[in-house]
Amino acid sequence: MNIFEQKEVLKTFEILVDTREQDTEKSRKRYEEFGVPYTKKTLSYGDYTYNLILPNGTKLYDNSETISPICAVERKMNLDELAGCFTRSRQRFQREFERALDNHCRIYLLCENSNWENLLNGKYRSKFHPKAFAASTIAWMIRYNLNVIFCKEETSGKLIKEVLYRDAKERLERGEFDG
Numbered sequence: 001m002n003i004f005e006q007k008e009v010l011k012t013f014e015i016l017v018d019t020r021e022q023d024t025e026k027s028r029k030r031y032e033e034f035g036v037p038y039t040k041k042t043l044s045y046g047d048y049t050y051n052l053i054l055p056n057g058t059k060l061y062d063n064s065e066t067i068s069p070i071c072a073v074e075r076k077m078n079l080d081e082l083a084g085c086f087t088r089s090r091q092r093f094q095r096e097f098e099r100a101l102d103n104h105c106r107i108y109l110l111c112e113n114s115n116w117e118n119l120l121n122g123k124y125r126s127k128f129h130p131k132a133f134a135a136s137t138i139a140w141m142i143r144y145n146l147n148v149i150f151c152k153e154e155t156s157g158k159l160i161k162e163v164l165y166r167d168a169k170e171r172l173e174r175g176e177f178d179g
C-alpha cells in the first residue's frame, strides 16, 4: 500500500468502544475528546480499539458479534480500581489479558488520575500493599507485553485516540494490512 492509500485509510479511522463501558457524562466527554467517530462494539478484551476501511473496501473488523482486536486500550479510572483488578477480580482480569496475549494483541493499560509515585507510596484506597501492587503491575507488563500509561482524566480521551491512531499508522506503514 502506497503512502497515498495509507492516508486515505487513516481518514476512515474510527474508535470502537466496548459495549460494557458505562454510559456516563464522563464517558461521553471522553468520547468527544477522541475527535473522531466512535462506535459501540463488543470487544473480547480491552475497552477501546480501532477500525479502518482498507483500500479494497472492507473494514478491518466486520460487524461480527465479538471483536478480538490486534490493539486495545484497557482503561481504569484510578489506582483504586486497578488495585481491585489485581486483588478481588484478579482471575477475571488475568483471563482478559490471556485472551489478548493469545491473539497477539498489543495492549495498553491507561490508568487515570494516577502515577507511579502514588502507586509506590500507597496513595490509593486499598489494603493492597504498594510493593505487591508494583510487583503485580510490572509482572503484568512483562508477562503480557503491557504498556502502562498514567494520565489525568481530562487527557484520557486524547491519549486513547492517539495511541490507537499511531498503532494503526505504524501497522499501515509496515504493510500489515496489505493484501
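Under UniProt numbering, think of the first position of the sequence shown as 1, with each following residue one higher. Note that the Cβ used here is the ideal one computed from N, Cα and C, for glycine as well.
Give the C-beta separation of residue i and residue j to the nearest angstrom, bearing in mind that I take them to be a contact with Cβ-Cβ under 8 Å.
i: Ser27; j: Ser44; result: Not really, about 20 Å apart at Cβ, beyond 8 Å.
i: Tyr108; j: Ile149; result: 6 Å
i: Ala134; j: Leu110; result: About 18 Å; that fails the 8 Å criterion.
i: Asn51; j: Leu16; result: 5 Å
Measuring straight from C-alpha to C-alpha, what distance separates residue i and residue j?
i: Glu21; j: Asn56; result: 31 Å
i: Cys85; j: Phe93; result: 6 Å
i: Leu101; j: Lys7; result: 29 Å
i: Ala113; j: Glu74; result: Here residue 113 turns out to be Asn, not Ala, going by the sequence shown. Between Asn113 and Glu74, the C-alpha separation is close to 15 Å.
i: Arg95; j: Asn2; result: 38 Å
i: Glu14; j: Arg174; result: 20 Å
i: Pro37; j: Phe4; result: 21 Å
i: Glu153; j: Thr24; result: 14 Å
i: Glu98; j: Trp140; result: 10 Å
i: His104; j: Glu32; result: 29 Å
i: Arg106; j: Thr49; result: 10 Å
i: Phe137; j: Leu60; result: The amino acid occupying residue 137 in the given sequence is Thr; Phe does not appear at that position. Near 31 Å, if we compare the C-alpha coordinates of Leu60 and Thr137.
i: Lys76; j: Ala83; result: 10 Å
i: Glu81; j: Lys41; result: 23 Å
i: Glu117; j: Pro130; result: 10 Å
i: Arg171; j: Leu146; result: 18 Å
i: Leu159; j: Lys169; result: 15 Å
i: Lys29; j: Ala132; result: 34 Å
i: Arg88; j: Ile142; result: 21 Å
Determine whether the Cβ of residue i lies closer than 8 Å to any Cβ atom of chain B.
i: Pro69; result: Of the protein chains in this structure there is only one, and it is not chain B.
Between the options, which has its C-alpha nearest residue i's C-alpha?
i: Leu79; options: Asn121, Leu101 and Arg95; result: Asn121
i: Asp167; options: Arg75, Glu5, Leu10 and Lys40; result: Leu10
i: Leu54; options: Phe133, Thr12, Ala132 and Asn113; result: Thr12
i: Gly35; options: Ser156, Leu60 and Glu170; result: Ser156
i: Thr66; options: Phe177, Gly46, Glu33 and Ser136; result: Gly46
i: Thr39; options: Leu146, Asp18 and Lys169; result: Asp18
i: Ala72; options: Tyr144, Phe177 and Asn115; result: Tyr144
i: Cys151; options: Gln91, Asn115, Arg30 and Ser89; result: Asn115
Is any heavy atom in the ligand ADP found nearer than 7 Å to the beta carbon of residue i?
i: Leu82; result: In terms of ligand content, the structure shown is empty, and the ligand ADP therefore cannot be addressed.
Review point. Whole beta strand (DSSP E) runs in the UniProt domain "ERCC4" (17-159) with 3 or more residues, listed along the chain?
Key: Listed in chain order, the complete beta strand (DSSP E) runs (minimum 3 residues) inside the UniProt domain "ERCC4" (17-159) are 38-43, 48-51, 71-76, 106-112 and 146-151.
Check your understanding: If you pair each beta-carbon of the region 153-172 with each one of the region 124-138, do three or more pairs fall below 8 Å?
Key -> Taking 8 Å as the limit for Cβ pairs, the verdict is that the region 124-138 does not touch the region 153-172.
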